[in-house]
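Engineer: Have a look at this one before I ask anything.
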Amino acid sequence: MSQLYVESYGAGPPVILVHGWGMHGGVWRQFAQQLSANYNVFCVDLPGHGNSEPITPFTLSTVAQQLAQQISDEPACWVGWSLGANVVLALAAEFPTQVSSLVLIAGNPCFTQSMAWPGMAVLDLEHFIDNAERDVKRTIARFMALQVRGIPGFRSVLSDLKRQLQVRPHSDQRTLMAGLEILRSVDQRAVFAQLSMPHLLLLGDKDPVVPIALAQAIDEGALEINYSVIGGAGHLPFLTHEDQIVVQIKKFLKKVS
């Protein structure tokens with residue numbers, strides 16, 4: 001099995017940060033360093049991203065298995081952002097003894113929109129996938145811009161994000177397309193609704209990718225999902241509202257420890 005690239009900071013109970021589509025673990029660095037005052041924080045490059053070698057096939061199950069086998073020898077708090085939220089949901093379902101708690105940042109267990117569930121419009125996602133097949137680098141650049149659209153100081157955040165991505169190799173294109181296929185087809189609502197471990201979902205009320213209507217769907221479905229809405233945040237709240245997210249996670253971990 002190929003090895004995953006991992007950076008770690010601090011000491012204490014383990015907290016593992018799992019990034020989203022087209023990114024790598026380096027996007028967490030400043031955020032991880034803040035958390036590391038109290039925790040042993042791991043930032044992992046998913047297979048085929050950054051410094052981690054690709055795996056075939058790249059599916060939620062294969063990725064969850066690799067994370068469970070290589071990252072931590074003890075139950076940990078797994079923090080997943082965007083696609084990473086679905087990765088850690090899959091890990092919680094398949095390897096629950098590895099998961100002491102979950103934090104899902106800007107995550108949606110069923111990424112695409114339907115009559116019964118809020119998400120990204122199917123036609124928009126299909127257009128996005130078509131663009132990625134033609135020019136994946138340009139598509140990633142557009143996706144980065146979308147994630148901070150409408151956020152105060154978005155140009156500075158976008159510039160910082162681009163610099164962070166450039167310090168490691170580009171993501172493997174086959175892996176990127178497999179990741180988009182996951183987003184097109186994923187439906188982990190049953191897992192989401194039956195989480196047995198402490199959890200927290202963090203949503204931005206200005207998120208153009210994971211709509212804030214998800215919170216209403218949770219309430220109307222009477223799902224016992226613990227969530228918090230970050231006012232003014234888009235799809236990158238751990239970058240644009242870093243201090244607020246750090247406080248929320250530390251408060252959550254202190255409560256469940």
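If you count the sequence shown from 1, position 46 lands on 46 in the numbering used here, and the numbers rise without skipping. All C-beta atoms, glycine included, are put in the ideal place defined by N, C-alpha and C. Only a predicted model underlies this, so the values are computations on that prediction, with no experimental measurement involved.
At 4 residues or longer, what runs of the alpha helix (DSSP H) sit wholly inside the stretch 112-192?
Structural biologist: Whole alpha helix (DSSP H) segments, 4+ residues: 122-134, 136-147, 154-166, 173-185.
Engineer: DSSP three-state call for Ala222: helix, strand or coil?
Structural biologist: DSSP places Ala222 in coil when its eight states are reduced to three.
Engineer: For Val157, which option in Cys77, Leu236, Asp73 has the closest C-alpha, if you only look at C-alpha atoms?
Structural biologist: Val157 has its Cα closest to that of Leu236, out of Cys77, Leu236, Asp73.
Engineer: Can Ile140 and Gly22 be called in contact, C-beta distance under 8 Å?
Structural biologist: Against a cut-off of 8 Å, the Cβ pair of Gly22 and Ile140 comes out as a contact.
Engineer: Going by CA-CA distance only, name the one from Met120, Val103, Leu104 that's closest to Phe111.
Structural biologist: Phe111 has its Cα closest to that of Met120, out of Met120, Val103, Leu104.
Engineer: Could you spell out where the beta strand (DSSP E) holding Ala64 opens and where it closes?
Structural biologist: Looking at the DSSP string, Ala64 is not in any beta strand (DSSP E); the run it does join, the alpha helix (DSSP H), is 60-70.
Engineer: CB-CB under 6 Å to Glu53, same chain, minus the five flanking residues each way: which ones, in chain order?
Structural biologist: So the qualifying residues of the chain are Ser2.
Engineer: Using 8 Å as the threshold, is the stretch 122-141 in touch with the stretch 42-62, meaning 3 or more CB pairs across them?
Structural biologist: No, because fewer than three Cβ pairs between the stretch 122-141 and the stretch 42-62 fall closer than 8 Å, the two stretches do not touch.
Engineer: For Leu46, tell me which candidate among Gly150, Ser171, Arg189, Pro208 has the shortest Cα-Cα distance.
Structural biologist: If we check each option's Cα against that of Leu46, Ser171 comes out closest.
Engineer: Let's see if you can read the secondary structure: which residues bound the alpha helix (DSSP H) around Asn86?
Structural biologist: That run of the alpha helix (DSSP H) goes 83-94.
Engineer: Considering only DSSP beta bridges, list what Ile16 is partnered with.
Structural biologist: Beta-bridge pairing links Ile16 to Phe42, Trp78.
Engineer: Do you know offhand how far Ser82's Cα is from Ser72's?
Structural biologist: Looking at the two C-alpha atoms, the distance is approximately 21 Å.
Engineer: Starting from the Cα of Asp207, find the closest Cα among Gly26, Tyr227, Leu146 and give me that residue.
Structural biologist: The residue with the shortest Cα to Cα distance from Asp207 is Leu146.
Engineer: DSSP beta-bridge partners for Val258?
Structural biologist: Residue coverage of the chain in this structure runs from 1 to 257, which leaves residue 258 outside it and unanswerable.
Engineer: First and last residue of the beta strand (DSSP E) that includes Ile55?
Structural biologist: Neither: Ile55 is in no beta strand (DSSP E) and is coded neither H nor E.
Engineer: Going by C-alpha distance, which of Glu220, Val41, Lys250, Asn108 is nearest Gly204?
Structural biologist: Among Glu220, Val41, Lys250, Asn108, the Cα nearest to that of Gly204 is on Asn108.
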